[in-house]
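Residue numbers (my numbering), protein chains in the order written: chain Z, 323 to 611; chain Y, 14 to 249; chain D, -6 to 358.
Here is the structure we will look at, set down as structure tokens.
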Amino acid sequence: MQWLDAILQGILLGGLYSLFATGLSLAFGVMRFANIAHGDLIVLAAYLGLVVTSSLGLHPLTAALLIVPLMGVLGYVAQRGLFDRVVGGDVVSMLLLTFGLSVVLQNGLQGLFSADGRRLQTGDLVTASVPLPGDMAIGVFPLLVLALAVGAIVLLEWVFARTSTGRAFRATSDDREVAQLMGLDIRHVYGIAMAVSFALCGLAGILLGIGTTFDPSMGPTRLLFAFESVIIGGLGSLWGTLAGGMILGVAQTIGFRISPGWGLLAGHLAFLVVLAVRPQGLFPRTRDR
Amino acid sequence: MTPAAPMLATRALTAHYGDFQALWGIDFEIAAGEVVAIIGANGAGKSTFLRALTGLNRAAPEMVRFEDAPIGGAAPHRVVRMGIAMVPEGRRLFPSLSVEENLLLGGEVGRDGPWNLEAVYALFPVLRERRRQPATTLSGGQQQIVAIGRALMGNPRLLLCDELSLGLAPVVVQEIYATMPRILSSGCAVVIVEQDIGQALRVADRVYCFQEGRVSLSGRPGDLTREHVKQAYFGI
Amino acid sequence: MASIPVAPLPAAPGAGFHVVRTTRTSRVTFAVTVALVALMASMPWWADPSTTSLVIEFMYYLAIAQMWNLLAGYGGMVSIGQQAYIGIGAYVLVWVALQTGMHPLLSIPLAALVSALVAWPVSKLLFRLPGAYFSVGAWVVAEVFRLLFANYTPLGGGTGTSITASLAEMDEWWREAALLWCALALAVASMLGVYLLLRSRTGLALTAIRDSETASESMGVRVPRVKLLVYVAAAAGAGMTGALIYLTKLRVSPDAAFSVEWSALAIFIVVIGGIGTIEGPIVGAIVYFLLRWALADYGTAYMVALGLLAMGIMLFARRGVWGWVHARTGLELFPLRRRLVLEPAQGGKAKWRPLPSSAQDTKTP
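Structure (structure tokens):
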């Protein structure tokens, strides 16, 4: 039972991880943009949530309704003002620019908020649970996170498949030059993609802040979890990223049950095993070229 | 020369790829309703010329005038909005999109005109049956007409066709060029870049020959002899 | 830019040409460097311990930066995980100090060997990841090592351990001197190693790969082999440096030894100084130390400033400080290009003409 419980917790954790990862996956899919500051943006959103909840007295989930669009706008501005110069260029510049941003964000947040751990207060939400047969229980909050993660993926898949924005994303990702010849303003398309990526970070950040104690240095590990989820699941597939997140979550929770020091390690090892055995990931998107 | 004012004209157009100069001062004109062909060997600068017209290659503003306005160096998506559309060399359809989605994307530019999804399917009925298929699963010839249809969806005033016959069987090429009159009748002018000289001379009202980045010959097909063309093509 | 005209060879008999690498600037630089190194090596006799420590620190930062530059600037492999090998080097030291009777200084060469051995299979995994994902993947590998050592108590576990005891028998003066000389040797060796590698055929292959992997492969360059060589060399260098660093710090913990801060340091130094140049890391290290000295009291503001500086350089001055200097003046302290020197038929001064841009030009991204 203990193991079943661990697996269940891991699956739910996967929901959170896939939320971390979806924005990363989107940015990479549309723009080949690997954002080293991705995890720090999630943490930034948690702190924005802190500011909004404490100054406006809102419930964190209500605050999310403000934060998510705000992050979206930030993303659009960041893309057109900052990242645009390195997108489509060489990998080195992109990585180093976002690495620098990561350092700025971590230290900036530490300077503003100190290194103390914080939490977004939601009263009973994080402790409420739904009882299951066999003496197990599922937390209501993790279920909510998973539901939101799935919802986000469903929404994004719909946007990709059925809207002209989604078509623009796919076309730009396929062939940036010809996409321009079709009248698409590439800078704007990239801006929208980054806006969505940041917005997802916004949602992930609020949920992170509700569920865990957060501090400015947490960004890099979130990036690693997001990255591992994407690679385990397979590049190019959002549902794959969800599966990847769940596998990572399960590996971590099982590892943690074996010994607390092994939690993170088990996750990383699972990633390396997938990399060794099936480097394209478990559910890669194949495509005719 | 043509009596009407040219729809598009280039004056001393130059183009570079980094340090390498590909075009050395091209003077070119096309009027509404004309079909103008550009022939030349590989590397002569034909595709570079089209890229300069569409804004993919930088050019000085005055070097390219379209409908009496300088457009040289304008961003490609603006050029398309102004009414110049391209059928790229090698088709270059979007693999992630279906046939219909490729066509719809061509229409993103939102210009008014006779071309829409229905009109394109009417012109190329075979596409209607395959509308939901991923575009790159079609045969070469079918992909070519998707590419043409995609460009037409932008309701262009000027259509640039880069190497329509590339990699296609002659019979298929004939069929494609047979649709040219329908395209012209909608008010377009068409520039075709062709490796197949015979095809180019059959279809075009006027022809330019490029050789190492310069215009080596221009005129009406009827006025040019085979010898003329051969010399201009090879630069001898 | 028009192609550089090369003067025709003189027709007179007896005239010829030869190809040289050095320039007057480089010969001067070489002399100055030798003098500086000799001066620093003599420090145990006249300098006070804190200055010596500073020089040691500068040298090992420089070594880390050169290794990272080799990997990223020349090899095109941006790794945020070189701290894996710094940590491995540190733990080789711990093992040597705690579990063997060997002299701790021997851990330095041993660390190179162990790091190289680890790097080989790790590269097999990491090279499966495309460009950007390689960087983060390397970071994951470093994290794995960190967690492994944190869970392995015989070498100190999560809280770490001290190796002071193993050095107790060494005379204080000799210990400081030995560390200084090792640090100097490491810094010099890392620069020399990079310089010689780039001047060799492998170096030519590296530059070709950086310009275009596909084209190089089609010309017969064994791309995987070259990349592996560079990765392993950089790992060995980082390992040796790790052992040295913790010989000076004396206390090793997994969180410190495997910290991503080491990569951050390397990245800042190289980026600010000028990625893809040999002179860059030197300039970058100087700038870094100056900044640290100037902003030491400002805590997080200092890191923010570094981060912003790195971002600014990536956006506006991609070639870094040295790259800017080189672009303005053509100055090159450690030239890699070959030059054609024409000898006139009878007497007179030899004139040289540079060959048209050879593949050995360090093309910064």
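Idealized CB from N, CA, C, for every residue including glycine.
Worksheet item: Going by C-alpha distance, which of Y:Leu69, Y:Pro74 and Y:Ala57 is nearest Thr23 (chain Y)?
Response: Y:Pro74
Discussion item. Please classify Glu325 (chain D) as buried or exposed, where buried requires at least 16 neighbouring CB atoms within 10 angstroms.
Written reply: buried
Worksheet item: Given a threshold of 16 other Cβ atoms within 10 Å of its Cβ, counted over all protein chains shown, does Asp362 (chain Z) qualify as buried or as exposed?
Response: buried
Item to complete: Locate the alpha helix (DSSP H) running through Glu479 (chain Z), then write down its first and last residues.
Response: Note, Glu479 (chain Z): alpha helix (DSSP H), Val462 to Arg484.
Worksheet item: Are the Cβ atoms of Ala360 (chain D) and Val214 (chain D) separated by less than 8 Å?
Response: No answer is possible for residue 360 (chain D): the residues shown for chain D start at -6 and end at 358.
Worksheet item: Going by the CB atoms, is the gap between Gln76 (chain D) and Asn252 (chain D) shorter than 8 Å?
Response: Rather than Asn, the amino acid found at residue 252 (chain D) in this sequence is Ser. Taking 8 Å as the Cβ cut-off, Ser252 (chain D) and Gln76 (chain D) qualify as a contacting pair.
Practice prompt. Figure out for me which residue from D:Trp167, D:Thr16 and D:Ile262 has the closest Cα to the Cα of Pro274 (chain D).
Written response: D:Ile262
Practice prompt. Determine the direct distance from the alpha carbon of Leu372 (chain Z) to that of Gly527 (chain Z), and round the result to whole angstroms.
Written response: 10 Å
Worksheet item: Do we get a CB-CB distance below 8 Å when we pair Arg609 (chain Z) with the residues of chain D?
Response: Caution is warranted here: a pLDDT of 48 is assigned to Arg609 (chain Z), below 50, making its placement in the model unreliable, and no coordinate value can be reported.
Worksheet item: Which residue from D:Leu141, D:Leu243 and D:Tyr224 puts its Cα closest to that of Gly589 (chain Z)?
Response: D:Leu141
Fill in: Neighbourhood of Asp610 (chain Z) by C-beta, 6 Å cutoff - its chain only, sequence neighbours within 5 removed
Low confidence applies to Asp610 (chain Z): its pLDDT is 37, below 50, so where it sits in the model is not reliable enough to give any reading.
Discussion item. As a quick exercise: from Z:Ser347, Z:His510, Z:Gln331 and Z:Val414, pick the residue whose alpha carbon is nearest that of Leu546 (chain Z).
Written reply: Z:Ser347
Practice prompt. List the residues that DSSP assigns as beta-bridge partners of Cys175 (chain D).
Written response: Paired residues: none, contrary to the question.
Practice prompt. Following the continuous beta strand (DSSP E) through Asp175 (chain Y), name the residue where it begins and the one where it ends.
Written response: Leu171 to Asp175
Item to complete: Would you list the one or two residues that DSSP bridges to Tyr30 (chain Y)?
Response: Y:Phe33
Worksheet item: Gln353 (chain D): buried (16+ other C-beta within 10 angstroms of its C-beta) or exposed?
Response: Its pLDDT being 40, under 50, Gln353 (chain D) is placed unreliably in this model, and the coordinates cannot settle the point.
Worksheet item: Does the beta carbon of Val408 (chain Z) come closer than 8 Å to any beta carbon on chain Y?
Response: Not a single C-beta of chain Y is nearer than 8 Å to the C-beta of Val408 (chain Z).
Worksheet item: My guess is that Ile554 (chain Z) and Leu604 (chain Z) are in contact by the Cβ rule of under 8 Å, so how many angstroms apart are they, rounded?
Response: With a beta-carbon spacing of about 6 Å, Ile554 (chain Z) and Leu604 (chain Z) fall inside the 8 Å limit used to define contacts.
Worksheet item: When the Cα of Lys117 (chain D) is compared with those of Z:Leu396, Z:Ile580 and Z:Ala598, which residue comes out closest?
Response: Z:Ala598
Worksheet item: Taking just the CA atoms, how far does Gly149 (chain D) sit from Ser244 (chain D)?
Response: With the sequence shown as reference, residue 244 (chain D) is identified as Arg, and Ser is not the correct amino acid for it. Rounded to the nearest angstrom, the two C-alpha atoms are 10 Å apart.
Worksheet item: Would you report the Cα separation of Ile189 (chain Y) and Val206 (chain Y), rounded to the nearest angstrom?
Response: 14 Å
Worksheet item: Using the rule of at least 16 other Cβ atoms within 10 Å of the residue's Cβ for burial, across every protein chain shown, is Tyr281 (chain D) buried or exposed?
Response: So Tyr281 (chain D) counts as buried.
Worksheet entry | Check whether Leu587 (chain Z) and Thr344 (chain Z) have beta carbons under 8 Å apart | Cβ atoms of Leu587 (chain Z) and Thr344 (chain Z): not closer than 8 Å.
Fill in: the region 122 to 134 of chain Y contacting the region 509 to 519 of chain Z, beta-carbon criterion three pairs below 8 Å
No: the two stretches stay apart, fewer than three of their Cβ pairs being nearer than 8 Å.
Discussion item. Does the CB of Glu136 (chain D) have a neighbour CB from chain Z at under 8 Å?
Written reply: Yes, Glu136 (chain D) counts as interfacial toward chain Z.
Worksheet entry | Three-state secondary structure assigned by DSSP to Tyr339 (chain Z) | Tyr339 (chain Z): helix per DSSP, three-state reduction.
Item to complete: Name the two residues that bound the continuous alpha helix (DSSP H) containing Glu131 (chain Y).
Response: Leu130 to Leu136
Practice prompt. Could you give the DSSP three-state label for Gln224 (chain Y): helix, strand or coil?
Written response: strand
Fill in: Where Val413 (chain Z) meets chain D, residues with beta-carbon distance less than 7 Å
Val71, Gly124 and Ala125
Worksheet item: In chain Y, what lies closer than 8 Å to Gly524 (chain Z) by C-beta?
Response: Taking a Cβ-Cβ threshold of 8 Å, none of the residues of chain Y is close to Gly524 (chain Z); the smallest such distance is about 27 Å.
Worksheet item: Which residues of chain Z have a Cβ atom closer than 7 Å to the Cβ of Pro89 (chain Y), listed in chain order?
Response: Using a Cβ-Cβ cut-off of 7 Å, Pro89 (chain Y) is close to Gln502 and Leu503 of chain Z, given in chain order.
Item to complete: Report the three-state DSSP secondary structure of Gly456 (chain Z) (helix, strand or coil).
Response: coil
Item to complete: Kindly indicate which three-state DSSP category Ser198 (chain Y) falls into: helix, strand or coil?
Response: helix
Worksheet item: Can we count Arg203 (chain D) as close to the ligand ATP, meaning its CB is less than 7 Å from some heavy atom?
Response: Summarising the ligand content, the structure contains no ligands, and the ligand ATP is consequently not present.
Practice prompt. Answer yes or no: does any C-beta atom of chain Z fall closer than 8 Å to that of Gly186 (chain D)?
Written response: no
Fill in: Endpoints, the beta strand (DSSP E) within which Arg579 (chain Z) is located
Where Arg579 (chain Z) is concerned, there is no enclosing beta strand (DSSP E), although the alpha helix (DSSP H) it sits in stretches over Leu560 to Ile580.
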